[in-house]
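Oh and the sequence shown: position 74 is 139 in my numbering, straight run, nothing missing. Worksheet: the structure to be examined is printed underneath.
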Amino acid sequence: MNINFLRTLVCLLGLLAAIPSLARQGDCGFIQNPDRQAYCRAISGGGSSHCGFIRDGEMQARCRAETGGGSSQCGFIRDQDMQAACRASAERANTASSGGSGQCGFIRDQDMQAACRAKTR
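If you want it as structure tokens, here you go:
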């Protein structure tokens with residue numbers, strides 16, 4: 066994999082991880098990318114119905130996983146590192162505890178793994 070792609074991916078994950086803590090659903094309207102806007106609405110309290118507006122299949126699967134669909138939705142993601150990160154996020158989002166960081170161990174990219182552990186602890 067291209068290292069620049071992985072760095073971009075880690076940054077995107079960081080941005081997506083920050084959305085729920087920073088945004089209320091009304092704030093999502095300021096996001097210009099329609100897929101990211103729908104994701105923001107879904108994880109900011111709008112629920113999984115907003116995930117249906119996401120055109121990117123892998124982002125839609127992650128959205129569904131994080132809004133109650135469970136980590137089985139992550140199986141639709143082809144990239145193994147992204148799939149493991151999705152499972153960790155889904156476990157964290159769908160439990161009251163701080164679970165999910167165990168899935169981070171399946172991520173091969175060390176930076177992405179560290180970001181996953183930081184997000185899910």
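Yeah, the Cβ is synthetic: ideal placement off N, Cα and C, and Gly gets one too. Small disclaimer: the values here were computed from a predicted structure and weren't measured.
- DSSP places R143 in the coil class of the three-state scheme, outside both helix and strand.
- Sorting C169, N98, D92 by C-alpha distance to the C-alpha of F118 places N98 at the top.
- Residue range 122 to 129 is occupied by the alpha helix (DSSP H) that includes R129.
- Note that the C-beta distance between I108 and E123 is not below 8 Å.
- Residue burial annotation: T132 is buried, with at least 16 other C-beta atoms found within 10 angstroms of its C-beta.
- Residue burial is scored here from C-beta neighbours: S114 has fewer than 16 other C-beta atoms within 10 angstroms and is therefore classed as exposed.
- Counting only residues of its own chain and dropping the five nearest sequence neighbours on each side, Q138 has a CB closer than 8 Å to the CB of A126, R127, R129, A130, C151, A155.
- About 5 Å separates the beta carbons of Q102 and C93, which is inside the 8 Å limit, making them a contact pair.
- With a cutoff of 8 Å on beta-carbon distance, T185 and A149 are scored as not near each other.
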